[in-house]
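Just so it is clear: in the sequence shown, position 44 is 126 by our numbering, and no numbers are missing.
Backbone N, C-alpha and C fix where the C-beta goes; we use that ideal spot for every residue, glycine too.
Here the structure is a predicted model, which is why all the values come from computation and not from measurement.
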Amino acid sequence: MSGNSSNGRHGDLAFVMGGGGARAAYQAGVLRYLSRRFPRLQIPIITGVSAGAINAAHLAAHHGTFEQATEELFHMWSNLNVDHVFRTDVGSLSWHVLRWARQLVSGGSRAAPRVRGLLDTDPLRAYLTDAMHAIDGELTGINYNLRMGRLKAVALSTTNYSTGQSVLWVQGQGVKEWERPTRRSRLATLTVEHVLASSALPIVFPAVQIGPHWFGDGGIRLAAPLSPALHLGAGRILAISTRHSPTARQANRPTVTGYPPPAQVAGVMMNSVFLDLLDDDAHRLETINRLLAGLPPEERGGMRPVRLLTVRPSVDLARLANRYEPQLPKAFRFLTRGLGTRQIEAPDFLSMIMFQPDYLAELIRVGEEDAETREGELAALLEPDGKTEISGGRAGSATTMATDGRKAT
Numbered sequence: 083m084s085g086n087s088s089n090g091r092h093g094d095l096a097f098v099m100g101g102g103g104a105r106a107a108y109q110a111g112v113l114r115y116l117s118r119r120f121p122r123l124q125i126p127i128i129t130g131v132s133a134g135a136i137n138a139a140h141l142a143a144h145h146g147t148f149e150q151a152t153e154e155l156f157h158m159w160s161n162l163n164v165d166h167v168f169r170t171d172v173g174s175l176s177w178h179v180l181r182w183a184r185q186l187v188s189g190g191s192r193a194a195p196r197v198r199g200l201l202d203t204d205p206l207r208a209y210l211t212d213a214m215h216a217i218d219g220e221l222t223g224i225n226y227n228l229r230m231g232r233l234k235a236v237a238l239s240t241t242n243y244s245t246g247q248s249v250l251w252v253q254g255q256g257v258k259e260w261e262r263p264t265r266r267s268r269l270a271t272l273t274v275e276h277v278l279a280s281s282a283l284p285i286v287f288p289a290v291q292i293g294p295h296w297f298g299d300g301g302i303r304l305a306a307p308l309s310p311a312l313h314l315g316a317g318r319i320l321a322i323s324t325r326h327s328p329t330a331r332q333a334n335r336p337t338v339t340g341y342p343p344p345a346q347v348a349g350v351m352m353n354s355v356f357l358d359l360l361d362d363d364a365h366r367l368e369t370i371n372r373l374l375a376g377l378p379p380e381e382r383g384g385m386r387p388v389r390l391l392t393v394r395p396s397v398d399l400a401r402l403a404n405r406y407e408p409q410l411p412k413a414f415r416f417l418t419r420g421l422g423t424r425q426i427e428a429p430d431f432l433s434m435i436m437f438q439p440d441y442l443a444e445l446i447r448v449g450e451e452d453a454e455t456r457e458g459e460l461a462a463l464l465e466p467d468g469k470t471e472i473s474g475g476r477a478g479s480a481t482t483m484a485t486d487g488r489k490a491t
C-alpha cells in the first residue's frame, strides 16, 4: 500500500474497521470511493475487529497503491458468496446441527461429540488465503510494507476464550506490548488465522487456535474500538462503522411483533457486542474533548488532540437483508428461517451472515454513495493542510478528540 505520506504535524492517520459480518462489504464501498478521490493515500495505522479485520488485513498486506488495494478488495467482496464463507450443502449443515443436538442432550458425557461452530468455515480460510496472497498462511505483504515505510502498524482484535481477555495482535515497527487485567496486546507476524479468529462470530463460526489458546470474534471483549489506534499513536482517525444511526422515531419502531424469535434475540445481542460499541467510544472521546476544551493547554496533562471522523450507513443494512434472503442457498435458508428471520422486518442476525452477492453489491453501492456525500469532511481529515479544519459536532462528524496515547483505554 504505497503513496503519499499522511503524517506531518497533524499526526499519523489511522483507519479503524468495525465489525458486522457480511456488513463489512459496506466498508469496501467507502474505501473504493476514497481511493478514487485519494488514489495514492498512505495509511500508517490500520486496525480491524470482527469482519473489519478482513478489510484491515487486506489493506495492510497489499503491495500496490491505495487505489489498487481497494479495487482488489472490491473484487474480493463482489466475487464472494455464501459457499466461499461456509459449507451450505445439506449434508454439512445437517451434520453440524446434529452434533450440536447430541452435545446438548449428552449431559456432559465424554462420549458426546466435540462441537465447535455451528458452521464449517474452511471455505473462508481457503478464500482469504488466495485473495490475500498469503504464503503458508502468512500475510507477507505486511512485512513488505513495513520495510518500505508505507505502514507503521496493523492490529487485529480477538477474544481469548481460554482467559476471557481481549487480545490485540499487532505487527509493526517500534511498537511495544501493553497489558491490562482484561486486555492486552501481543506482537505477532499476522496470518490468515488471526483474521479468521477476529471474525469468528461466536457460536456460529468456530474458534481458531493460535498457539495453545482458542480465539474468537474480537468484538466480544473490545469495549473501546478506538483504543488500538490510539495506543499505536494515531493523530487522526477514520472509523468506518456498519451500523445505521436511526432517528428517535425509527429507534422506537418495533421490528417484530409478539414473542421475539431466536433470530431477533441473537440480532440484539450481536448489535450490542459488534455494532454499538464504536458509537459509545466516540461519545466518550467527544466528552473528553469538551472537558479539555475548557482547560488551558498547560493543564491538559500532556494530552494531544486526535481528530475523528466516523462514516456509517445512511440506511439500515438489516432491512436490506430481507430483500435478498430468498436468494440464499435452500438448505441454509431453511435453517435461518427456522430461527425466525422471516418474522423480523430488520433481521440484524441475518444481515451479518448474508454473504449473498446481490446483497453485498448493494452494501458496496451504499458505502460509495455515503462516502461521496461526506466528501468534504473526508477531505478535511485526509488532506488537513489543504482544507479548513473541522471541529466540534456530533458522533459521525469530524471532531477533535484528545488523548496522550498512554492514557487511552
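First through last residue of the beta strand (DSSP E) which encompasses serine 267: 265-269
Contained beta strand (DSSP E) runs [length at least 3] in the segment 354-420, N- to C-terminal order: Counting whole runs of 3 or more residues, the segment 354-420 contains the beta strand (DSSP E) stretches 386-393.
Given 8 Å, three or more beta-carbon pairs between the segment 122-134 and the segment 228-239: yes
Leucine 320 in three-state terms, based on DSSP: Strand.
N- and C-terminal bounds of the beta strand (DSSP E) containing glycine 298: Counting along the chain, glycine 298 sits inside the beta strand (DSSP E) bounded by residues 295-299.
Beta-bridge partners of phenylalanine 97, as assigned by DSSP: Ile128 and Leu320
For glycine 254, the three-state DSSP class (helix, strand or coil): strand
Contact under 8 Å by Cβ, serine 433 with arginine 105: yes
Outcome for alanine 375 when other beta-carbon atoms lying within 10 angstroms are tallied against a minimum of 16: exposed
The alpha helix (DSSP H) enclosing serine 239, as first and last residue numbers: Here serine 239 belongs to no alpha helix (DSSP H); instead the beta strand (DSSP E) covers 235-242.
Cβ pair glycine 300, serine 323 closer than 8 Å: no
Same chain, Cβ closer than 6 Å to leucine 155, neighbours up to 5 away in sequence not counted: Ala110 and His140
Rounded C-alpha distance that separates glutamine 150 from proline 378: C-alpha separation (whole angstroms): 44 Å.
CA-to-CA distance, leucine 460 to tyrosine 226, given in whole angstroms: 28 Å
Aspartate 486 classed as buried or exposed, judged by whether at least 16 other C-beta atoms fall within 10 angstroms: Here aspartate 486 scores only 44 on pLDDT, less than 50, and its place in the model should not be relied on; the value that follows carries that caveat. Aspartate 486 comes out exposed.
Per DSSP, the bridge partner or partners of isoleucine 292: His295
Proximity of arginine 122 and threonine 147 at Cβ, strictly below 8 Å: yes
Phenylalanine 97 versus leucine 113 - alpha carbon distance: 10 Å
Selected residue, minimal CA-CA separation from aspartate 363, among Arg169, Gly100, Leu464 and Asp94: Gly100
Nonlocal neighbours in the same chain, by C-beta distance under 6 Å from histidine 166, ignoring five residues either side: Pro205 and Tyr209
Local Cβ density within 10 Å of histidine 365, reported as buried at 16 or more and exposed below that: exposed
Of the listed residues Leu162, Ile426 and Leu278, nearest to glycine 219 (C-alpha basis): Leu278
Buried versus exposed, by CB contacts within 10 Å (16 or more), isoleucine 53: Coverage of the chain is limited to positions 83 through 491, which leaves residue 53 absent and any answer about it impossible.
Closest residue to isoleucine 217 among Ala138, Pro344, Glu275 and Ile319 (Cα-Cα distance): Out of Ala138, Pro344, Glu275 and Ile319, Glu275 has the C-alpha closest to the C-alpha of isoleucine 217.
Straight-line Cα distance separating leucine 373 from glutamate 381: 11 Å
Residues bridged to threonine 78 [DSSP beta-bridge criterion]: In the structure as shown, the chain begins at 83 and stops at 491. Residue 78 is therefore absent and cannot be evaluated.
Close-in-space but distant-in-sequence residues of the same chain around aspartate 440 (CB under 7 Å, 5 per side omitted): Tyr406 and Gln409
Local conformation of glutamate 444 per DSSP, three classes: helix
Beta strand (DSSP E) segments (min. 3 residues) lying fully within the segment 105-172: 127-131
DSSP bridge partner residues for isoleucine 217 (one or two, in chain order): Glu220
Same chain, Cβ closer than 6 Å to alanine 428, five either side skipped, listed in chain order: The beta carbon of alanine 428 sits closer than 6 Å to the beta carbons of Thr337, Asp398, Ala400 and Arg401 from its chain, once the five residues preceding and following it are set aside; these are given in chain order.
When Ala305, Gly293 and Leu320 are compared against arginine 265, the one with the closest alpha-carbon: Ala305
For valine 338, three-class secondary structure by DSSP: coil
Coil, strand or helix - serine 280 by DSSP: helix
Straight-line gap, leucine 175 to leucine 200 (C-alpha atoms, nearest Å): 8 Å
Among Val257, Leu283 and Leu390, the one whose alpha carbon lies nearest that of proline 307: Leu390
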